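Converting from the sequence shown to my numbering requires adding 1101 to each position, the first position being numbered 1.
Virtual Cβ for every residue (Gly too), placed ideally from N, Cα, C.
Here the structure is a predicted model, which means the values were calculated and not measured.
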Amino acid sequence: MFLKRANQMSLALLIAGGVACSPVVAAQLPAPTQALLEKLKLNPEILSGLDAELVVPKNWLANAKKEKPLKILGAWDPSQFRKLSAPFKLRYPDIPISYARGGRYDRGIKPLLALKSGRYLSDIIISPGGDWVRFKDINALEDLRVVPNYKFLSKDMREENGLWVGQKVAHRCMAYNTDKVKKSEMPKRWEDLVDDPRWRGGNLGIPNRPNLWLSMLWLKKGPDWVQSFMRKLFTVVKPQLRKEGANAMIGLTVAGEFHATVAAAAYRVKQYQDRGAPIAFHCPVPVPLAISIMMVLKDNPHKYSSLIFTNWFLSKEGQISQFGANSAVPVRADLANRKEFIPFPEEVAGKPIAIRDEGKLRLEYPKLVNMYTPMWQSAGGPVEKTGPAKTVSVVLTAVKRGGRIIYFMHKGKKKTAGISRRRTEVTLDGKNTSRKKFKPGMTCKVTYPGDGARAKKVACNSK
C-alpha cells in the first residue's frame, strides 16, 4: 500500500544521511519559501538536502536559457500557480513561464489533436486524466526517469517507464454540513450509505462524476459490488442528482441544499473549512485515492526548461509550495505521510485504500460507464450537453450564483450557460479572471455546446 511504502522510504532517507540530511539555513531560501515555512509553522530543516535536489546537468541550464517561455497547461487556479511557482521564478529567472488553466478537454484531447497536426499547445500538461494513454499510444511523452528527483517517488506515484509522475494525491470521500449532520451519523462503510434511511429524501447530493470515486471502488470491490451499490443508491436512497461538478457540490453542501455529497477532495473541503464554512470531511472504507499526474510532451520546443521545472516541482520545496498554494497532498514519499500535509489525517490513517489505477481503468472504466449511465439517466439525472462548441457574441442580462450561471439573449431567445471554476476559461479585458467579476451589461463571447450547457470559454469586456 502506498502509505506504508511512504513510511519505509521516509525512514530510509533519514538513515541515509549525507545529502539527505544536510542542514538548511532559512536565510538562504527564496523569500516566498521562507514566508511559507513561517506561515505553515514548519522548521526549515524539513527542506534538508534541498541543495542537492536542485542540482541538474549543466547542459540543461545552458539550453533552457535559449528556450522561452516554458508553457504549462494545468488545473491550478491562476492565483494558486502564482503562489506555487514564486520560488521557482526566483531560482530560475532565465526560465519564464506561460501558464494556462483549462478543463479536462483542454488538458487532454485538445493538445493531443494539436500535437497530431504538428503543434505544441503546451510543454507540460497537468492532470490529463486517462487521456495520458492517448499520448503514450503515439509515443509523445518524455521519459522522466532522467529527472534527478524522480527517485523520490514510490511506484504508485510514477509510471514504470517514466511517462508521467504524480502531481498531487487526493482522497475522494464525503463532505458534510456540520450544521445538518453529526459525525457519529456518517457511514463507516460505503454500504452504510445506501442502508441508512437518514440519507434518503434528498439529504444526499451526487455529482455526475463516477470517475472521481466509483472508479476506485470498481477496481477495489469489483463490478458486481458496484452494480448492487448503485442500484440501491438510485432506487432506494434517491439522492439529488446534480449537474454541478464535485467542487461546486461542496459549496452547495455548505449552503445546505443537501446534508452531504460524495467525490469531495479533502484539500478542497479544507479550503472551505479554513474560511469558516460549516463543512467537514469523512471517509467511509475503503478510501478512494486519486493520483493526478504530470507529463512532459516529447520533443517539445522547451524540453530542458520542462525537465528543470519538473525536477524542482518534485523537490521538497516544490511539493511544499504546492501544498501552501492549494493544500494538495504531496506525492513525495518522504512528505506524503506527514500529518502536516494531510488535510484530515484522522480520516485516512489506518484505513484500507482504493487507488485509482489509470492503466487498469483504460479497459475497466468504459465498463463502469456502460453500467452507470443508464442508471443515472433512469433515475432522472441531468445529462450534460456535448458536441461541437460554438462561439456567440452576446450581452449578459443576468449573472447568478456568483458567476456560476450567465444569462443572455441570442437570436431573440433567452439562453444560459454554466461556468465551471476549473473547466471554463474565463477572461475579462483579455486577462484571466474570476467568474465573480462578470456583471450584467458586459459584452462577451461565449463558447459553449448549446443552451444550458457548460461553457468552454467566456471572454468579456468591462466596457
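- Listed in chain order, the non-local C-beta contacts of N1412 below 7 Å within the same chain comprise V1157, V1248, P1249, N1250, local neighbours out to five positions each way being set aside.
- The beta carbon of S1563 sits closer than 7 Å to those of L1529, D1530, M1543, all from its chain and outside the five residues before and after it, given in chain order.
- Apart from the 5 residues on each side of it in sequence, V1234 sits with its Cβ closer than 6 Å to the Cβ of R1463 in its chain, given in chain order.
- Here H1511 is bridged, per DSSP, to K1514.
- Annotated as distal: P1308 and M1275, with beta-carbon spacing of 8 Å or more.
- Comparing alpha-carbon positions, the option among R1273, A1347, K1283, K1237 lying closest to E1261 turns out to be K1237.
- Residue burial annotation: S1407 is buried, with at least 16 other C-beta atoms found within 10 angstroms of its C-beta.
- Around the beta-carbon of G1488, fewer than 16 other beta-carbon atoms lie within 10 Å, marking it exposed.
- Contact between the stretch 1453-1470 and the stretch 1500-1520 is absent: fewer than 3 CB-CB pairs across the two stretches fall below 8 Å.
- In the structure shown, M1287 adopts coil according to DSSP, grouped into three states.
- DSSP, reduced to helix, strand and coil, places N1278 within a strand of the structure shown.
- A distance of 8 Å or more separates the beta carbons of K1321 and P1385.
- Taking a C-beta distance under 8 Å as the contact criterion, R1299 and A1364 do not qualify as a contact pair.
- Taking the Cα positions, R1301 is about 57 Å away from D1195.
- 8 Å or more divides the Cβ of N1438 from the Cβ of Y1368.
- Taking each of S1393, L1305, Q1328 in turn and checking the Cα distance to G1267, the smallest one comes out for S1393.
- Along the length of the stretch 1164-1233, whole alpha helix (DSSP H) runs at least 4 residues long occupy 1179-1192, 1205-1208, 1210-1217, reported in chain order.
- P1145 places its beta carbon 8 Å or farther from that of L1137.
- Per DSSP, I1454 is one residue of the beta strand (DSSP E) stretching across 1454-1456.
- Assigned with DSSP and collapsed to three states, L1320 falls in helix.
- Pairing P1550 with A1480 gives a Cβ-Cβ distance that is not under 8 Å.
- Annotation for E1526: the continuous beta strand (DSSP E) segment containing it runs 1526-1529.
- With three or more CB-CB distances shorter than 8 Å, the stretch 1176-1196 counts as touching the stretch 1414-1426.
- With fewer than three CB-CB distances shorter than 8 Å, the stretch 1159-1166 does not count as touching the stretch 1372-1381.
- Annotated as distal: R1522 and N1312, with beta-carbon spacing of 8 Å or more.
- Here DSSP, grouped into helix, strand and coil, assigns R1536 to helix.
- Selection S1316, L1130, A1215 evaluated against V1470 yields S1316 as nearest (Cα-Cα).
- Short of 7 Å from the beta carbon of V1295, and not among the five residues preceding or following it, lie these beta carbons of its own chain, in chain order: F1330, K1333, L1334, V1337, V1338.
- R1259 counts as buried, since at least 16 other C-beta atoms from the protein chains shown sit within 10 angstroms of its C-beta.
- For F1424, the secondary structure class from DSSP, reduced to helix, strand or coil, is helix.
- In the DSSP assignment, S1393 falls within the beta strand (DSSP E) that extends over 1388-1397.
- C-alpha of R1290 to C-alpha of K1269: approximately 25 Å in a straight line.
- Per DSSP, the continuous alpha helix (DSSP H) segment holding T1411 begins and ends at 1404-1415.
- Between the stretch 1216-1229 and the stretch 1161-1176, the count of C-beta pairs closer than 8 Å reaches three or more; the two stretches touch.
- Of the residues E1447, P1170, I1210, the one whose Cα lies closest to the Cα of S1199 is P1170.
- Sequence-distant partners of I1409 (beyond 5 residues in either direction) whose C-beta falls short of 8 Å from its own C-beta, in its chain, are V1157, W1161, L1162, A1165, Y1193, I1196.
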